[in-house]
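Participant: These protein sequence lines map, in sequence, to chains A and B. At the far end of the first sequence sits residue 415, using full-length UniProt numbering, and the numbering has no gaps. At the far end of the second sequence sits residue 415, using full-length UniProt numbering, and the numbering has no gaps.
Number of protein chains: 2
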Amino acid sequence: MMIEQPKMSALSEQVESMVEWLASHGGDGQGGVTRLLYDPSWRSAQKAIEAKMNELGLLPRYDDVGNLFGRLAGRDPQADVVLTGSHVDTVTGGGKYDGAYGIVAGLIAVDYLKTHYGPPLKPIEVVSLCEEEGSRFPLTYWGSGSITGAKNREAAVGVEDSAGVSLEEAMCEAGFGFGLHPRPERRDLECFIELHIEQGEVLERENKSIGLVSHIVGQRRYDITVYGESNHAGTTPMQWRRDALLTAAELIRVVINRAKADDEGLVATVGRMDVKPNVGNVIPREVTFSLDVRHGEAERIHAFCEECFREFEKLATEQGTNIEIHQWMDEPPVAMDRALGKTAEEIMEKEGVSFKKMTSGAGHDSQVFGTFCPTALLFVPSRGGISHSPAEFTKTEDLERGVRLLIDLLYKVAY
Amino acid sequence: MMIEQPKMSALSEQVESMVEWLASHGGDGQGGVTRLLYDPSWRSAQKAIEAKMNELGLLPRYDDVGNLFGRLAGRDPQADVVLTGSHVDTVTGGGKYDGAYGIVAGLIAVDYLKTHYGPPLKPIEVVSLCEEEGSRFPLTYWGSGSITGAKNREAAVGVEDSAGVSLEEAMCEAGFGFGLHPRPERRDLECFIELHIEQGEVLERENKSIGLVSHIVGQRRYDITVYGESNHAGTTPMQWRRDALLTAAELIRVVINRAKADDEGLVATVGRMDVKPNVGNVIPREVTFSLDVRHGEAERIHAFCEECFREFEKLATEQGTNIEIHQWMDEPPVAMDRALGKTAEEIMEKEGVSFKKMTSGAGHDSQVFGTFCPTALLFVPSRGGISHSPAEFTKTEDLERGVRLLIDLLYKVAY
Chain A
1 MMIEQPKMSA LSEQVESMVE WLASHGGDGQ GGVTRLLYDP SWRSAQKAIE
51 AKMNELGLLP RYDDVGNLFG RLAGRDPQAD VVLTGSHVDT VTGGGKYDGA
101 YGIVAGLIAV DYLKTHYGPP LKPIEVVSLC EEEGSRFPLT YWGSGSITGA
151 KNREAAVGVE DSAGVSLEEA MCEAGFGFGL HPRPERRDLE CFIELHIEQG
201 EVLERENKSI GLVSHIVGQR RYDITVYGES NHAGTTPMQW RRDALLTAAE
251 LIRVVINRAK ADDEGLVATV GRMDVKPNVG NVIPREVTFS LDVRHGEAER
301 IHAFCEECFR EFEKLATEQG TNIEIHQWMD EPPVAMDRAL GKTAEEIMEK
351 EGVSFKKMTS GAGHDSQVFG TFCPTALLFV PSRGGISHSP AEFTKTEDLE
401 RGVRLLIDLL YKVAY
Chain B
1 MMIEQPKMSA LSEQVESMVE WLASHGGDGQ GGVTRLLYDP SWRSAQKAIE
51 AKMNELGLLP RYDDVGNLFG RLAGRDPQAD VVLTGSHVDT VTGGGKYDGA
101 YGIVAGLIAV DYLKTHYGPP LKPIEVVSLC EEEGSRFPLT YWGSGSITGA
151 KNREAAVGVE DSAGVSLEEA MCEAGFGFGL HPRPERRDLE CFIELHIEQG
201 EVLERENKSI GLVSHIVGQR RYDITVYGES NHAGTTPMQW RRDALLTAAE
251 LIRVVINRAK ADDEGLVATV GRMDVKPNVG NVIPREVTFS LDVRHGEAER
301 IHAFCEECFR EFEKLATEQG TNIEIHQWMD EPPVAMDRAL GKTAEEIMEK
351 EGVSFKKMTS GAGHDSQVFG TFCPTALLFV PSRGGISHSP AEFTKTEDLE
401 RGVRLLIDLL YKVAY
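1. Answer with yes or no whether the minimum CB distance from A:THR140 to chain B is below 9 Å.
2. May I ask you to verify whether the segment 153-160 of chain B touches the segment 45-53 of chain B, counting CB pairs closer than 8 Å and requiring at least 3?
3. Could you tell me which residues DSSP pairs with A:GLU324 in its beta bridges?
4. What residues of chain A sit near B:ASP243, judged by a beta carbon separation below 7 Å?
5. Tell me which residues share the same chain as B:HIS25 and place their Cβ nearer than 6 Å to its Cβ, disregarding the 5 neighbours each side in the sequence.
6. Using the DSSP secondary-structure output, state which residues sit across from B:LYS276 in a beta bridge.
7. Tell me the DSSP secondary structure of A:THR235 in three-state form.
8. DSSP state of B:PRO40, grouped into three classes?
9. When you compare the CB of A:VAL226 with every CB in chain B, is at least one pair closer than 9 Å?
10. Taking just the CA atoms, how far does A:PHE137 sit from A:ASP39?
11. Can you tell me which of the three DSSP states B:ILE103 falls into?
12. Is it right to say A:MET329 is buried, meaning 16 or more other beta carbons lie within 10 angstroms of its own, or is it exposed?
13. Would you say A:ASN152 reaches chain B, if we count a Cβ-Cβ gap shorter than 9 Å as a contact?
14. Nearest to B:PHE355 by alpha carbon, out of B:GLU229, B:ALA261, B:LEU203, B:ASP223?
15. Return the residues of the segment 350-383 of chain A that lie within a Cβ-Cβ distance of less than 7 Å from chain B, sorted by chain order.
16. With a threshold of 6 Å on Cβ separation, who are the neighbours of A:ILE150 within its own chain once the five nearest residues in sequence on each side are excluded?
17. Closest Cβ-Cβ distance between A:ILE407 and chain B: below 9 Å?
18. Is the distance from the Cβ of A:ALA244 to the Cβ of A:ARG310 below 9 Å?
19. DSSP state of A:MET348, grouped into three classes?
20. Report the three-state DSSP secondary structure of A:MET336 (helix, strand or coil).
21. Measure from the alpha carbon of residue 419 of chain B to the alpha carbon of each residue in B:VAL104, B:GLY93, B:ASP80, B:ALA79, then state which is nearest.
22. Using a Cβ-Cβ cutoff of less than 7 Å, which residues in the same chain neighbour A:THR371 once the five nearest sequence positions on both sides are dropped?
23. When we look at the beta-carbon of A:ASP188 and count the other beta-carbons within 10 Å, is it buried (16 or more) or exposed?
24. Which residues, in chain order, does the segment 13-35 of chain B contribute to contact with chain A at a C-beta distance below 8 Å?
25. If you follow the beta strand (DSSP E) that B:ILE216 is in, where does it begin and where does it stop?
26. Which chain A residues sit within Cβ distance under 7 Å of B:GLN199?
27. Counting pairs of Cβ atoms below 8 Å between the segment 263-272 of chain B and the segment 311-324 of chain B, do you hit three or more?
28. Put B:VAL127 into one of helix, strand or coil per three-state DSSP.
29. Using a Cβ-Cβ cut-off of 9 Å, state whether A:LYS114 counts as contacting chain B.
30. Need the endpoints of the alpha helix (DSSP H) that B:LEU121 sits in, please.
31. Got a sec: which bits of the segment 196-221 of chain B sit with their beta carbon under 8 Å from any beta carbon on chain A, in order along the chain?
32. If contact means a Cβ-Cβ distance below 7 Å, which residues of the segment 267-298 of chain B contact chain A?
33. Along chain B, which residues have their Cβ under 7 Å away from the Cβ of A:SER387?
34. In chain order, what residues of the same chain lie with their CB nearer than 6 Å to the CB of B:GLN199, ignoring the 5 residues before and after it?
35. Just tell me which of A:GLU349, A:GLU250, A:LEU291 has its CA closest to the CA of A:GLU318.
36. With distances taken from CA atoms, which of A:LEU68, A:VAL353, A:GLY280 is nearest B:ASP292?
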């Protein structure tokens, strides 16, 4: 059947006001939002969402790590749960939309469906995932990982924030981790649908309303150290130098220029560099730089890195320096569900919504769910691609278009 | 007349023991020495040198900034002073030889001359210059500059150490700056002769005993800032990036490789680099790096920098980044005295001492004296070129050869 079109104006107002409402928890009054896992702002936001779920007639429930679910019961008692939502935590001084938009959109969509179509066949739950960013503790996807079993309590042992508070302590202080709530692992998920801001500017530049994600890219991260020899800048002739920074400059040039010439979907970034001793009149003896390589196919990442590292070795040998390549991350690409993607595509074609099939270069909870249950990840545009900043912004019409797509998709899947 | 050869063994012992003696003031017991201007170690060293001057029959005298002179009176009451010595201050955790060797050598040489030949025609003074390194206060050549008038009390106004103590305060606390001692300016200098360790490895690599310095190189220092745009490492395709670190890498490569291909005497160093925000998964928006360029001819430095900067602008334009070039030092080369150099050369040829005419890539008090009075700067080898480190080392035979040359040169000039 053809579902009724929600009124533009009412939905627009609702999404605008609920984005502001959620941003007021942890908001700095200047557009910046900080909700770090288990901190007072985080607790205040989860309490407010819990109250909102009650208000909307969704049965709220926490799990024992602090994920919050609001359930709309289904007519089929055997059916697994259709889950939608995103993460409630933010980076320090983040924006209003990252994570929050997916929760707000889920609440609005399920409220809309309930109001217009009554109870679904399959239960729908809106989730406010407790943690994705890794901003307070050096641990990401604590919320989604606890649900899928990718993360457990052992993973949190010894994990501390910068003030030396352990994740365990912080969790207990927030009222979780005691077994007062159900264990986080779920075995009853039919699928997960996440609506998120793009955090890039592909959609804006290409003037598309929705990004339909086929893969979340795989990524490798390395620390590469070049060892040379420190010497006096004035008394060491050029031909005797073993300048670690010169070698590093050559390597960076190689890797970035190779990435530019590679497959369009490949990105390589050197974002961090530390020079020792980092004194103007001393030839650097040691330089460490980061390397972050991403692509939708693991083989392409592998081949790219191998080619670069062969050239690295050659260049270092020519310059009399040594290099050490330390890999500390190797996350494979994660495919989103084809059937869910196809359904979303059909809806957008029918509704005349402009969309782009794309990979996600950033990590999302969907990559954790993606290896566990059928998962869809949908993007709305981010102005200027800006994210993790108070300047993060998505136009109301784009926010609304995302909510409408979510309504239609949840209807197709759950009713 | 042919002067009598000093006994090898006696001189060797004397120079060895006096290097250790001076290093014991501010020594850390592990070979490292720290004597910062006016600090307790510095005061202890100057007091010890004062006592040693008395012991050797040289009349000690401080000036009002803390330079210490030991005078051997001359027979000609009208004659100007032949000055020799070096600086008593060190870097933090420096070696035993930098500066100290020139003072020790001066004391031994004048003692030797006095003992063997009696009073000279012209007065000879050995100077322990109060400050050269700029290790405690951001001010270099405070000692020599005060003598020549290149530095005065106004230059010290507002100059503070890292603990917020002003140079004025520190000077007064050490007993100087009150007018209790004569003003530091001198108008009675015939010449200045400085014996110093090379702090480079040219002499060692070329197996020469003495470096005869023709010029102290000029140097320019710059801070170069590249402005690009920060963006997410995962969501920003390569072709849209304005990566400040990539541009910086290209510029560094240009300047260092051009320096390698340039005149043998030219050195260019990028020793310091600061990346913003310096996070592995964020494209750098701003990179600042230092550039230090040195050569014996000001024109060559100028031409080299102009050529590099033209290429810098071209590269930045190609990459859509902007650069800002801030010059904060432009010291011209300083020529050492040809006649003194010729005299030293004749002595070494006669004695069969292997030597190399060279420029000094490092700064020395001789560059301050060099524009004020005829000046000679003589180097002895530094093992491995290492300096400003407890590993600083010069073989006893090289130390002795330097002292012997100083004896001969002072004899030629003052007797």
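Ideal Cβ placement from N, Cα and C applies to all residues, glycine included.
Facilitator: Let's see:
1. Position 140 of the first sequence, counted from the first residue, corresponds to residue 140 of chain A. No, its Cβ sits nowhere closer than 9 Å to a Cβ of chain B.
2. Counting Cβ pairs under 8 Å, fewer than three are found: no touch.
3. By one-based count along the first sequence, residue 324 of chain A stands at place 324. A:GLU324 is bridged to A:THR225.
4. Within the second sequence, numbered from 1, the residue matching residue 243 of chain B stands at position 243. The contacting residues are ILE256.
5. One-based indexing of the second sequence puts residue 25 of chain B at position 25. Counting only Cβ-Cβ distances below 6 Å, and skipping sequence neighbours, we find SER41, SER44, ALA45, ALA48.
6. Mapped onto the second sequence, residue 276 of chain B falls at position 276. DSSP lists B:GLU286 as partners of B:LYS276.
7. On the first sequence, residue 235 of chain A is found 235 positions in, with the first residue counted as 1. Reduced to three states, the DSSP call for A:THR235 is coil.
8. The count along the second sequence starts at 1 and reaches residue 40 of chain B at position 40. The answer is helix: DSSP assigns B:PRO40 an H, G or I state.
9. On the first sequence, position 226 is the one that residue 226 of chain A refers to. Output row for A:VAL226: interface = no.
10. Counted from its first residue, the first sequence places residue 39 of chain A at position 39. Counted from its first residue, the first sequence places residue 137 of chain A at position 137. Whole-angstrom Cα-Cα distance: 12 Å.
11. The residue given as residue 103 of chain B occupies position 103 in the second sequence. Here B:ILE103 sits in helix by DSSP.
12. Here the question's residue 329 of chain A lines up with position 329 in the first sequence. Per the 10 Å Cβ criterion, exposed.
13. For the purposes of this step, residue 152 of chain A is taken as residue 152 along the first sequence, with counting starting at 1. False, the Cβ-Cβ gap to chain B never drops below 9 Å.
14. By 1-based counting over the second sequence, the position of residue 355 of chain B is 355. Out of B:GLU229, B:ALA261, B:LEU203, B:ASP223, B:LEU203 has the C-alpha closest to the C-alpha of B:PHE355.
15. GLY361, ALA362
16. Taking the first sequence and counting its residues from 1, one reaches residue 150 of chain A at position 150. Going by the sequence as given, residue 150 of chain A is Ala instead of Ile. Here the set comprises VAL368.
17. As a position in the first sequence, residue 407 of chain A is number 407, starting the count at 1. Not one chain B Cβ lies under 9 Å of A:ILE407.
18. In the first sequence, residue 244 of chain A corresponds to position 244, counting from 1. In the first sequence, residue 310 of chain A corresponds to position 310, counting from 1. Not a contact, by the Cβ cut-off of 9 Å.
19. Within the first sequence, numbered from 1, the residue matching residue 348 of chain A stands at position 348. A:MET348: helix per DSSP, three-state reduction.
20. Sequence index remark: in the first sequence, residue 336 of chain A carries index 336 (1-based). In this structure, A:MET336 counts as coil in the three-state DSSP scheme.
21. Nothing in the structure corresponds to residue 419 of chain B, since chain B is present only between 1 and 415.
22. Start at 1 with the first residue of the first sequence, and residue 371 of chain A comes out as number 371. The residues VAL334, in chain order, have a CB closer than 7 Å to that of A:THR371 in the same chain once the five nearest residues on each side in sequence are set aside.
23. One-based indexing of the first sequence puts residue 188 of chain A at position 188. By the 10 Å Cβ count, A:ASP188 comes out exposed.
24. Per Cβ criterion, the list is empty.
25. As a working note, residue 216 of chain B is residue 216 in the second sequence. It spans 210-216 - the beta strand (DSSP E) in which B:ILE216 sits, taken as one unbroken run.
26. The count along the second sequence starts at 1 and reaches residue 199 of chain B at position 199. Those within 7 Å of B:GLN199 in chain A are HIS232, THR235.
27. Flag = no, the segment 263-272 of chain B and the segment 311-324 of chain B do not touch.
28. The count along the second sequence starts at 1 and reaches residue 127 of chain B at position 127. In the structure shown, B:VAL127 sits in a strand (DSSP, three-state: E or B).
29. Reading the first sequence from its first residue, position 114 is the one you call residue 114 of chain A. No, no contact with chain B.
30. Position 121 of the second sequence holds residue 121 of chain B. Careful: B:LEU121 lies outside any alpha helix (DSSP H) and carries neither H nor E.
31. GLU198, GLN199, GLY200, GLU201, VAL202, ARG205, VAL217, GLN219, ARG221
32. VAL267, THR269, VAL270, GLY271, ARG272, MET273, VAL275, ASN278, VAL279, GLY280, ASN281, VAL282, ILE283, PRO284, SER290, ASP292, ARG294
33. By 1-based counting over the first sequence, the position of residue 387 of chain A is 387. Per Cβ cutoff of 7 Å: HIS232.
34. Translated into the one-based positions of the second sequence, residue 199 of chain B becomes position 199. Counting only Cβ-Cβ distances below 6 Å, and skipping sequence neighbours, we find ALA362, SER382, SER387.
35. Numbered from its first residue, the first sequence carries residue 318 of chain A at position 318. When only C-alpha atoms are compared, the closest one is A:GLU250.
36. Indexing the second sequence from 1 puts residue 292 of chain B at position 292. Among A:LEU68, A:VAL353, A:GLY280, the Cα nearest to that of B:ASP292 is on A:GLY280.
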